[in-house]
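>
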Amino acid sequence: MVPTSLVAYPRSQPGTVDRIDWDRLAPPEARRLRELGFDEGADVEVLHRSSLGAGPIACRVGRMTVALRRAVAGAIHVALPAAAE
Amino acid sequence: MTDTPAPLVALVGNPNAGKSALFNALTGARQKVGNYPGVTVERHVGRLALDDGRPCELVDLPGAYSLEPSSPDEAVTRDVVTGTHAFERAPDAIVVVVDAANLDNHLRFALQLIALGRPVAVALNMVDLAERDGLQLDAGVLAAELGVPVIPTVAVRKRGLEELRAAVTAMVDRPASAATGTAPAADMRTLQRRARLIARRAIVSETPTRRWTQAIDRVALHPVAGPVLLLGILFLMFQAVFTWAAQPADMIDAGFGGLNGWIEASAGESFVRSLFTDGLISGVGAVVVFLPQILILFLFILVLEASGYMVRAAFLMDRLMAGVGLSGRAFIPLLSSFACAVPGIMATRTIDDEKDRLTTILIAPLMTCSARWPVYTLIIGAMIPNTPVAGFVRLQGLVMFGLLIVGVAGAYGAAWVLRRTVTKGNSSGFMMEMPKYQWPQARDVLIGLWTRAVIFLKRAGTIIAGTTVVLWLLLSFPKPPEGSGISPVDYSVGGRIGHAIEVVVRPIGFNRDIALALLPAMAAREVAVSAIGTVYAIDDSESEAGQQGLTERLRARWTLPTALAFLMWFVWAPQCISTIAVTRRETNGWKWPAFMVAYLFAAAYVFAGITYWLAVFAGL
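Chains as they are written, first to last, in the working numbering: chain A, 1 to 85; chain B, 1001 to 1620.
1. So who's on the other strand from Ser5 (chain A), going by DSSP bridges?
2. Restricting to Cα atoms, I'd like to know which of B:Pro1385, B:Ala1415 and B:Gly1391 is closest to Thr1360 (chain B).
3. For Met1310 (chain B), which residues from the same chain have a beta carbon less than 6 Å from its beta carbon, with the 5 sequence-adjacent residues on both sides left out?
4. Find out if the Cβ-Cβ distance for the pair Leu1475 (chain B), Val1535 (chain B) is shorter than 8 Å.
5. Going by C-alpha distance, which of B:Gln1112, B:Cys1056, B:Asp1356 and B:Val1122 is nearest Thr1421 (chain B)?
6. How would you label Glu1162 (chain B), buried or exposed, when you count the other beta carbons within 10 angstroms and need 16 or more for buried?
7. Can the beta-carbon of Asn1511 (chain B) be found closer than 8 Å to that of Thr1562 (chain B)?
8. With DSSP as the reference, label His1044 (chain B) as helix, strand or coil.
9. Any beta-carbon of chain A closer than 8 Å to the one on Thr1077 (chain B)?
10. Output yes if chain A places a C-beta closer than 8 Å to the C-beta of Met1522 (chain B); else output no.
11. Residues of chain B with CB closer than 8 Å to the CB of Pro56 (chain A), please, in chain order.
12. In chain B, which residues lie with their C-beta within 7 Å of the C-beta of His48 (chain A)?
13. Taking Cβ to Cβ, would you say Ala1101 (chain B) is nearer than 8 Å to Leu1146 (chain B)?
14. Please decide whether Asn1102 (chain B) counts as near chain A, where near means a Cβ-Cβ distance under 8 Å.
15. What does the Cβ neighbour count give for Leu1614 (chain B), buried or exposed, with the cut at 16 atoms within 10 Å?
16. Consider the Cβ of Ile76 (chain A): report whether some Cβ of chain B lies at a distance smaller than 8 Å.
17. When you compare the CB of Pro28 (chain A) with every CB in chain B, is at least one pair closer than 8 Å?
18. By how many angstroms is the C-alpha of Ala1517 (chain B) removed from the C-alpha of Ile1252 (chain B)?
19. Which residue wins for smallest C-alpha separation from Arg1194 (chain B), given the options B:Leu1398, B:Pro1055, B:Val1076 and B:Asp1104?
20. Less than 8 Å between the C-beta atoms of Ile1151 (chain B) and Ala1170 (chain B), yes or no?
21. Closest Cβ-Cβ distance between Leu33 (chain A) and chain B: below 8 Å?
22. Since Asn1125 (chain B) sits in a beta bridge, which residues does DSSP pair it with?
23. Going by the beta-carbon positions, is the gap between Gly1160 (chain B) and Val1097 (chain B) smaller than 8 Å?
24. Over the uninterrupted beta strand (DSSP E) stretch that includes Pro1205 (chain B), give me the two end residues.
25. In chain A, which residues lie with their C-beta within 8 Å of the C-beta of Asp1352 (chain B)?
26. Could you tell me whether the Cβ atoms of Val1168 (chain B) and Ala1093 (chain B) are closer together than 8 Å?
27. Specify the secondary structure class of Gln1136 (chain B) as computed by DSSP and reduced to three states.
28. Determine the contact status of Val1156 (chain B) and Ala1021 (chain B), defining contact as a CB-CB distance below 8 Å.
29. Identify which residue in B:Gly1308, B:Gly1323 and B:Val1289 has its Cα closest to the Cα of Leu1418 (chain B).
30. 8 Å is my cut-off, CB to CB: does Val2 (chain A) come that close to chain B?
31. Given a threshold of 16 other Cβ atoms within 10 Å of its Cβ, counted over all protein chains shown, does Gln1136 (chain B) qualify as buried or as exposed?
32. Would Ala84 (chain A) pass as an interface residue toward chain B - the criterion being a Cβ-Cβ separation below 8 Å?
33. Using DSSP with H/G/I as helix, E/B as strand and the rest coil, what is Val1454 (chain B)?
34. What separation, rounded to the nearest whole angstrom, lies between the Cα atoms of Val1493 (chain B) and Val1342 (chain B)?
35. Within the segment 1185 to 1252 of chain B, note down every full alpha helix (DSSP H) run reaching 4 residues or more, in order along the chain.
36. Let me know the secondary structure DSSP gives Pro1055 (chain B) once reduced to three states.
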């Protein structure tokens, strides 16, 4: 499966972060994203997308639930977890 | 060796690691809350008795994700643990608090802290919740991997506290080997991967179980059910504030009334007696009556925060806030501002983006803070008939609700304008950890409520009592010549100041009484009530009308357009020195508080004027 951005990734389907377009993010944003555990190889799952199409997204990363806006989520590309994991 | 200070131990950890609960459990009531000089970061210190009875100082540092600060709070944490803080001495030992259920993330910060070279112990906190989620951990493996003692704790059940105390004792006895005080060179990514590896090794077994948090979130974050639930909670909150508080408020009112009666009965008619009854007791009493309402509001806010729901509310509100260039994070300080803008403005510290934070600070005073309720209640009660409108809705309640909405809508509009002019900038992000739901601990909530009550009563006892007395003096002297027929208030110093202000506010329908009340109400909005009361008490002291209550006097002297304009004024006017002072502190200068005062006064003047003239033309 081709990696999809977190914005479009199906809900409740565990995935692995394939790559993050770090240079698309402002430095403080990128740092906060790392601090919250986003990293290539991290397990993620989209839990909720807020109503009206443009609100933030809640997702699980590792053992944490994190809310982020779509602009940031768009920089995170997710693939199905590797079978070896 | 008696003159060496007690050893200092720092409690450090990620946000949501349960650090404050552990701090409360370890120190109990033996804690002090202050501020670090120069910055508005709260400093929590408490005493902890070591195993051998020696005292030890425990400082609860602000939660941080790493040693690279992105807020003033995180900067304090970094400076203290690296021993470079200007005020706090370097800690003798560090207790790192990690959430057992979130090791991958929290261990990264722990690794950074261990690398500093100071004695470190890790409190593996909330192990019960981790077990509830089907996660079995081996503290021994973790200790071996990290090379420091690891103590499983459950702060809220006081589990593991003795063991932690023993570990702290051992640490302060062992002098720091080679505390370099410099941050480690390893970059975040390397640390993160090591943390994940260690976490994986420490996990004994992991059985997927039904997770409460996700089950609740399915409703709380649902696109339709979520907002409905949020509205329901907010409705319940405001409903509770007005209904539950009625009885204790009446009791407080009766208490102050009784005190006044007792003084009047036992002391002869004199200057001092009048100062106490008309000035001090009436003034302070008029404000203390609102203590129950404020405590109920804070009770809701503290419980919503401690349970983890508040962040969900921020998530739901983000879309709406983004519309005016704010983020969902602004919702939390703005909700607190309904109790009081001062803690609300302080709560904006969690907003990373500077422009975003500034805008939130500038609109926070528009939330209907509890100091406005006395003013609204009095004026609405006196001037608006309580006729039924529809069903159980009555006109008085509707006007009250309308004022609340005008404040919120005004704030929304103001944010829109500000974000396009003075606080222009890129729209800030919204990135937030959503903690697990937890049952709020009575102890933590009570400590929070107690702190708020003390602050409020101190304010009533100092600022409000002070201004009331000063106003009473200004309005009492000099006395008009006997038989001159001039009202004592008009002749007094205060009265003359009032007449000068009246010239400015006459075009928006304000009378002399309001002009007189505006100045002392700068100290605190609710003083407007006691100020008007004082004006009439002195004005009518010799006449028959002196026996009437404040409500009757208002009805006799005010017109409806004037009352409505006065209410509209209070929606906008920045009538509170404390808010201005805290804005100055939080923005490090006079520029922004000056701007805030100017824009809010201008808006108050314009909207009160519009209200007055519309009401006059409508024939009200």
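We put the beta carbon where it would ideally sit given N, CA and C, even for glycine.
If you're wondering where the values come from, they're calculated on a predicted model, not measured in any experiment.
Let me lay it out:
1. A:His77
2. B:Ala1415
3. Leu1304 and Ile1332
4. yes
5. B:Asp1356
6. exposed
7. yes
8. strand
9. no
10. no
11. Phe1315, Asp1318, Arg1319, Gly1328 and Phe1430
12. Asp1217 and Leu1221
13. no
14. yes
15. exposed
16. no
17. yes
18. 24 Å
19. B:Asp1104
20. no
21. yes
22. B:Asp1099
23. no
24. According to the sequence shown, residue 1205 (chain B) is Ser rather than Pro. Run containing Ser1205 (chain B): Ile1203 to Glu1206, per the beta strand (DSSP E) assignment.
25. Pro28 and Arg32
26. yes
27. strand
28. yes
29. B:Gly1323
30. no
31. exposed
32. Because the pLDDT at Ala84 (chain A) is just 40, under 50, the model does not fix this residue reliably, and the value given afterwards should be weighed accordingly. Output row for Ala84 (chain A): interface = no.
33. helix
34. 32 Å
35. 1188 to 1202, 1212 to 1220 and 1225 to 1243
36. strand
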